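Trainee: Sending over a structure as structure tokens; questions will come in a sec.
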Amino acid sequence: MTERIVSFVMSGGVGSRLWPLSREDNPKQFHDLSGDGSMLVKTLRRLKAREEGETPVYLIASERHADRVRSDIAGIDLAGGGAIFEPSGRNTAAAVAIATLQTLSAYGDGIVLVVPSDHEISTDRQFWETVSRGVPAAEAGRLVVFGIRPHQPETGYGYIEVSGKGDGVLDVSRFVEKPDLATAEAYIQAGNFYWNTGIFLFRASAMRDAFQKFQPEIWQSAETAWKGATSDLTGRYMPSDLYAAIPSISIDYAIMERAEGIAMVPAGFRWNDLGSWQSLLDAGPSDKAGNVIVGDVVAIDCENSYIRSQGRLLSAIGLKDIAIVATVDATFVAPVSHSQNVKKIVEQLEKSGRLETKFTPAHDRVLVSGAWRRRVRHWLFEETLPLWSTAGVDEAHGGFFEALGFDAAPLMKPKRMRTMARQVYAFAVAKAHGWDGPADRLIAHGLDFIAGKGRTDRGGWVRVLNVDGSVSDAAEDAYDHACVLLALAHAHMSGNPDALRLGEETLAFLDAHLEDRRMTGFLETSAGEESRRSNPHMHLLEAFLAWHTATGDRSHLRRAARIIDLFRSHFFDAESWTLGEYFDDEWRPASGEKGTWTEPGHHFEWASLLVDFGKKSGQKELTAYARKLYASAIANGLNRATGLAYGAVSRQGLPLDRVSRSWPQSEAIKAAIALDGAGGGPDLKPEIEARVGRLFRWHIDPAPLGLWIDQIDERGRSQAKDVPASIFYHLVCALTQYLDGTEGTGST
252 MTERIVSFVM SGGVGSRLWP LSREDNPKQF HDLSGDGSML VKTLRRLKAR
302 EEGETPVYLI ASERHADRVR SDIAGIDLAG GGAIFEPSGR NTAAAVAIAT
352 LQTLSAYGDG IVLVVPSDHE ISTDRQFWET VSRGVPAAEA GRLVVFGIRP
402 HQPETGYGYI EVSGKGDGVL DVSRFVEKPD LATAEAYIQA GNFYWNTGIF
452 LFRASAMRDA FQKFQPEIWQ SAETAWKGAT SDLTGRYMPS DLYAAIPSIS
502 IDYAIMERAE GIAMVPAGFR WNDLGSWQSL LDAGPSDKAG NVIVGDVVAI
552 DCENSYIRSQ GRLLSAIGLK DIAIVATVDA TFVAPVSHSQ NVKKIVEQLE
602 KSGRLETKFT PAHDRVLVSG AWRRRVRHWL FEETLPLWST AGVDEAHGGF
652 FEALGFDAAP LMKPKRMRTM ARQVYAFAVA KAHGWDGPAD RLIAHGLDFI
702 AGKGRTDRGG WVRVLNVDGS VSDAAEDAYD HACVLLALAH AHMSGNPDAL
752 RLGEETLAFL DAHLEDRRMT GFLETSAGEE SRRSNPHMHL LEAFLAWHTA
802 TGDRSHLRRA ARIIDLFRSH FFDAESWTLG EYFDDEWRPA SGEKGTWTEP
852 GHHFEWASLL VDFGKKSGQK ELTAYARKLY ASAIANGLNR ATGLAYGAVS
902 RQGLPLDRVS RSWPQSEAIK AAIALDGAGG GPDLKPEIEA RVGRLFRWHI
952 DPAPLGLWID QIDERGRSQA KDVPASIFYH LVCALTQYLD GTEGTGST
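Start counting the sequence shown at 252; every next residue gets the next number (my numbering).
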């Protein structure tokens with residue numbers, strides 16, 4: 252009777268050496284790299300092509316790819332096999348242990364074949380002839396590996412050193428990790444080194460015994476997870492907590508480099524692991540000049556190059572031995588000989604939290620909640636705060652610089668009070684979220700500057716200071732006082748000893764000099780100009796809510812409630828669901844275009860503040876207003892080409908200011924987070940991820956580290972000439988709220 256061989260395909264890898272094509276959500280085994288089906292499907296068909304003997308086929312794959320796996324295997328008869336899903340990757344030793352356990356459970360002490368899912372092998376017949384030569388050694392209890400005689404020095408493969416010669420079964424002397432070029436050349440000269448294919452053949456009891464001898468912890472934890480698994484018609488699912496307890500190590504380190512008597516069968520088939528762009532150049536159909544061209548590419552006078560486009564036209568002239576791979580969101584360029592090193596690029600991107608390594612661009616793709624956490628945290632705490640806490644601080648004259656250039660050099664602009672206050676706020680919030688930088692010193696530095704240079708004789712705050720701290724504009728502006736109050740509330744919560752006193756003095760000034768006589772709101776300045784705006788009131792609402800959080804004093808909620816009343820009675824238009832910006836002294840909409848002017852960014856800001864006040868006051872009906880503002884801004888306030896909020900639109904949705912600044916995109920994130928947490932509405936978590944993605948796509952990623960592009964025109968082009976510090980507080984506030992809201996989602 253012909254021996255049964257139970258086959259297992261390992262499909263848990265990411266294939267990072269083929270980035271940007273291969274991503275965590277769509278690794279290389281799911282790609283059609285040679286024009287005749289995905290690597291996974293071709294592997295399954297190869298295993299099914301055995302002409303004699305029973306061959307059940309199993310697939311060990313990541314649970315996150317379950318839908319794709321089920322789609323790929325739907326038309327393949329696995330002869331009693333099926334899918335086994337890992338909730339998390341635990342390397343190849345765990346997969347081999349699970350394969351062994353499955354075989355022992357379903358077939359007894361059978362012969363097991365374990366193969367990767369993403370290798371190119373010449374013919375099915377030659378593959379099975381090679382496997383058959385190893386069966387007698389496996390039946391005798393030896394662990395069997397398969398080697399490829401190298402035809403060139405290769406630094407991307409592991410090697411097997413064998414003793415003896417011939418095409419039969421050879422004895423393994425040792426396994427060698429990926430060598431440098433000189434060592435690889437020496438292996439070629441020696442003649443007794445083979446490339447390691449990562450294909451294993453063994454009797455189930457032999458592998459079990461090897462685990463119990465060399466890695467009992469892996470075996471015991473794998474067995475525990477195996478026994479706790481659940482099964483249905485779609486496959487077997489490992490329990491997350493138990494599977495995560497399995498030590499993560501490769502089968503080579505765990506077993507093969509320790510076991511004795513390992514046999515190697517020289518492969519009788521051509522093999523390529525398609526693990527680099529060089530390997531795809533070697534394996535792909537080439538033109539007369541040796542180029543492999545895939546996609547919309549025009550190549551002139553190019554030689555021996557791999558050029559691939561998965562989107563827009565890619566053109567190249569005069570290239571030799573170069574790999575260019577362009578996707579919708581990323582482009583990789585390197586000498587073909589260096590293409591193994593793409594992993595270094597991936598590691599750098601992952602270190603900074605870039606999502607281009609994780610997700611494949613798709614207009615209908617929904618990111619999991621918290622997908623941006625790592626990128627956000629890295630940008631905020633590793634790039635931005637370190638820059639603005641040094642380059643953004645004026646150590647000579649005090650306070651903070653109003654703006655930086657794109658070379659991170661400070662610009663000698665007048666210092667607005669609102670900007671000085673917002674920087675204090677940002678560092679206080681950063682401290683509250685675990686930033687280990689000198690937040691206390693920076694908060695004190697900022698407050699000392701504005702308190703020493705920026706107070707008026709009546710105890711208010713001036714509007715603008717010169718770089719050296721002298722007064723440039725002494726107007727007592729409600730907007731600036733709102734920003735100062737917000738900063739002082741957070742400075743107080745950070746432990747600054749002067750913030751409470753300064754806050755109380757500022758509130759007293761507000762009552763005495765900025766509240767209008769009819770007590771219907773606040774003046775633009777203490778001089779009492781006739782025009783009125785909703786914007787300073789919004790920022791005062793923000794400040795009052797912050798002081799309530801800082802002190803628990805309900806008098807701050809009463810102050811906030813009066814602004815909420817103004818919102819209900821004058822600011823909000825119930826018919827168009829829009830928020831007015833400009834009013835006369837009687838709170839009637841201003842005449843002309845100003846009366847129809849609305850700002851999507853302010854809709855977002857008000858939405859989050861209304862939800863916050865509603866939670867603090869119990870007026871939960873305000874959430875309905877917040878949803879209407881958010882819906883109006885999304886429906887009428889976005890540039891459809893970029894998905895970014897315009898600067899301003901009319902109440903009818905006609906663009907009035909087509910420039911998209913960074914701060915409205917930040918406020919959109921805050922609004923979506925607030926509404927998602929308010930309950931009673933749609934799940935906005937995908938919307939939150941999309942909003943964060945747009946902020947990074949257009950405003951952050953194109954900028955130098957720690958900076959941002961503040962202005963984007965309607966065609967997606969930068970209009971920014973510098974980086975205004977006043978935006979820092981918007982970004983810190985929105986992104987720390989995002990980190991708070993996605994904590995515990997499992998994303999790193």
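We treat Cβ as the ideally placed atom computed from N, Cα and C, and that holds for glycine.
Quantities reported herein were computed from a predicted structural model and do not represent experimental measurements.
1. Unbroken alpha helix (DSSP H) runs of length 4 or more, entirely within the stretch 657-712: which are they?
2. Applying the 10 Å Cβ sphere with the 16-neighbour rule, what's the burial state of Asp-908?
3. Given that a residue counts as buried once 16 or more other Cβ atoms are within 10 Å of its Cβ, and exposed if not, what is His-402?
4. Given a threshold of 16 other Cβ atoms within 10 Å of its Cβ, counted over all protein chains shown, does Pro-851 qualify as buried or as exposed?
5. Compare the beta carbon distance of Trp-828 and Ala-882 with 8 Å and say whether it is the shorter of the two.
6. With distances taken between CB atoms, is the gap from Val-366 to Gly-332 smaller than 8 Å?
7. Just tell me which of Arg-878, Ser-911, Ala-642, Leu-531 has its CA closest to the CA of Gly-930.
8. According to the neighbour-count rule (16 or more other Cβ atoms, all chains shown, within 10 Å of its Cβ), is Arg-968 buried or exposed?
9. Taking C-alpha atoms, which residue in Asp-328, Ser-868, Lys-845, Ala-922 lies nearest to Leu-298?
10. Report the residue ranges of all alpha helix (DSSP H) runs contained in full by the stretch 285-340; include only those spanning at least 4 residues, in chain order.
11. Can you check which of these residues, Ser-977, Gln-962, Ala-976, is closest to Gln-970 by C-alpha distance?
12. Can you find the residues in the same chain that come closer than 8 Å, C-beta to C-beta, to Met-252, ignoring five residues on each side of it along the sequence?
13. Give me whichever residues DSSP pairs with Glu-380 in a beta bridge.
14. Ignore the nearest five residues each way along the sequence and tell me which others in Glu-918's own chain have a CB closer than 6 Å to its CB.
15. Can you tell me whether Ala-514 is buried or exposed? The criterion is at least 16 other CB atoms within 10 Å of its CB, across all chains shown.
16. What's the gap between the Cα of Arg-563 and the Cα of Ala-581?
17. Just to confirm, is the Cβ distance from Lys-921 to Ser-977 under 8 Å?
18. In terms of residue numbering, what span does the alpha helix (DSSP H) encompassing Tyr-438 cover?
19. Counting pairs of Cβ atoms below 8 Å between the stretch 749-756 and the stretch 690-704, do you hit three or more?
20. I'd like the span of the beta strand (DSSP E) that includes Met-261, first residue to last.
21. Quick one: what's Lys-571 bridged to in DSSP?
22. Checking the sheet assignment: what are the DSSP bridge partners for Trp-446?
23. By Cβ distance, which residues of its chain are closer than 7 Å to Thr-987, with the 5 residues on each side in sequence left out?
24. Out of Glu-633, Asp-687, Trp-712, state which residue places its alpha-carbon closest to the alpha-carbon of Lys-666.
25. What does DSSP give as the partner residue(s) for Gly-486 in the beta ladder?
26. Taking the C-alpha atoms as reference points, what is the distance between Arg-255 and Gln-466?
27. In terms of residue numbering, what span does the beta strand (DSSP E) encompassing Ser-901 cover?
28. Quick check: Gly-710 and Glu-756, are their CB atoms within less than 8 Å of each other?
29. So what's Trp-470 in DSSP terms, helix, strand or just coil?
30. Could you give the DSSP three-state label for Thr-987: helix, strand or coil?
31. Which of the three DSSP states is assigned to Arg-274 in this structure?
32. Would you say Gly-703 reaches chain C, if we count a Cβ-Cβ gap shorter than 8 Å as a contact?
33. Less than 8 Å between the beta carbons of Val-347 and Met-458, yes or no?
34. Is Gly-263 closer than 8 Å to Glu-371 when the C-beta atoms are compared?
35. Is it buried or exposed, Gln-280, if we count other Cβ atoms within 10 angstroms and call 16 or more buried?
Mentor: Taking the coordinates as given:
1. Entirely contained in the stretch 657-712, the alpha helix (DSSP H) runs reaching 4 residues are, in chain order, 668-683, 690-704.
2. Residue mapping note: residue 908 aligns to position 657 of the sequence shown, counting from 1. That one is exposed.
3. Locating residue 402 in the sequence shown gives position 151, where the first residue counts as 1. Counting Cβ neighbours within 10 Å, His-402 comes out exposed, since fewer than 16 surround it.
4. Start at 1 with the first residue of the sequence shown, and residue 851 comes out as number 600. Buried: at least 16 other Cβ atoms inside 10 Å.
5. Translated into positions along the sequence shown, residue 828 becomes position 577. Translated into positions along the sequence shown, residue 882 becomes position 631. Contact: yes.
6. Locating residue 366 in the sequence shown gives position 115, where the first residue counts as 1. Locating residue 332 in the sequence shown gives position 81, where the first residue counts as 1. Contact flag unset, no.
7. As a working mapping, residue 930 is identified with position 679 in the sequence shown. Answer by Cα proximity: Arg-878.
8. Taking the first residue of the sequence shown as 1, we reach residue 968 at position 717. With a threshold of 16 other beta carbon atoms within 10 Å, Arg-968 falls short and is exposed.
9. Here the question's residue 298 lines up with position 47 in the sequence shown. It is Asp-328 whose Cα lies nearest to the Cα of Leu-298.
10. 290-299, 317-324
11. As a working note, residue 970 is residue 719 in the sequence shown. Among Ser-977, Gln-962, Ala-976, the Cα nearest to that of Gln-970 belongs to Gln-962.
12. As a first step, residue 252 must be located in the sequence shown, where it is residue number 1. Here the model assigns Met-252 a pLDDT of 35, short of 50, so the residue's position is not dependable, and the following value carries that caveat. Nothing meets the Cβ criterion.
13. Translated into the one-based positions of the sequence shown, residue 380 becomes position 129. Bridge pairing for Glu-380: absent [DSSP].
14. As a working note, residue 918 is residue 667 in the sequence shown. Contacts found: Gly-852, Phe-855, Glu-856.
15. Residue mapping note: residue 514 aligns to position 263 of the sequence shown, counting from 1. That one is buried.
16. Translated into the one-based positions of the sequence shown, residue 563 becomes position 312. Translated into the one-based positions of the sequence shown, residue 581 becomes position 330. Roughly 12 Å between the two C-alpha positions.
17. Within the sequence shown, the letter at position 670 stands for residue 921. Within the sequence shown, the letter at position 726 stands for residue 977. No, Cβ-Cβ distance for Lys-921 and Ser-977 is not below 8 Å.
18. Here residue 438 corresponds to residue number 187 of the sequence shown, with the count starting at 1. 432-441 is the span of the alpha helix (DSSP H), which, as asked, contains Tyr-438.
19. yes
20. As a working mapping, residue 261 is identified with position 10 in the sequence shown. Per DSSP, Met-261 belongs to the beta strand (DSSP E) from 256-262.
21. Here residue 571 refers to the residue found at position 320 of the sequence shown. Lys-571 is bridged to Glu-554.
22. Here residue 446 refers to the residue found at position 195 when the sequence shown is read from its first residue. Beta-bridge pairing links Trp-446 to Ile-399, Tyr-410.
23. Within the sequence shown, the letter at position 736 stands for residue 987. If we look at Thr-987 and ignore the five residues flanking it on each side, its Cβ neighbours are Val-680, His-684.
24. Taking the first residue of the sequence shown as position 1, residue 666 is located at position 415. The shortest C-alpha separation from Lys-666 is found at Trp-712.
25. Here residue 486 refers to the residue found at position 235 when the sequence shown is read from its first residue. Beta-bridge annotation (DSSP): Gly-486 is paired with Asp-483.
26. Within the sequence shown, residue 255 is the residue found at index 4, counting from 1. Within the sequence shown, residue 466 is the residue found at index 215, counting from 1. Approximately 27 Å between the Cα atoms of the pair.
27. Counted from its first residue, the sequence shown places residue 901 at position 650. It spans 899-901 - the beta strand (DSSP E) in which Ser-901 sits, taken as one unbroken run.
28. Indexing the sequence shown from 1 puts residue 710 at position 459. Indexing the sequence shown from 1 puts residue 756 at position 505. Yes, the pair counts as a contact, with Cβ atoms nearer than the cut-off.
29. As a first step, residue 470 is located in the sequence shown; it is residue number 219 there, counting from the start. Of the three classes helix, strand and coil, the one that applies to Trp-470 here is helix, per DSSP.
30. Reading the sequence shown from its first residue, position 736 is the one you call residue 987. Helix.
31. Stepping through the sequence shown from its first residue, residue 274 is reached at position 23. Three-state DSSP puts Arg-274 in a strand.
32. The displayed structure is made up of one protein chain only, and chain C is not part of it.
33. Numbered from its first residue, the sequence shown carries residue 347 at position 96. Numbered from its first residue, the sequence shown carries residue 458 at position 207. Yes. Within cutoff.
34. Sequence index remark: in the sequence shown, residue 371 carries index 120 (1-based). Sequence index remark: in the sequence shown, residue 263 carries index 12 (1-based). Cβ distance not < 8 Å, so Glu-371 and Gly-263 don't count as in contact.
35. Within the sequence shown, the letter at position 29 stands for residue 280. It counts as buried.
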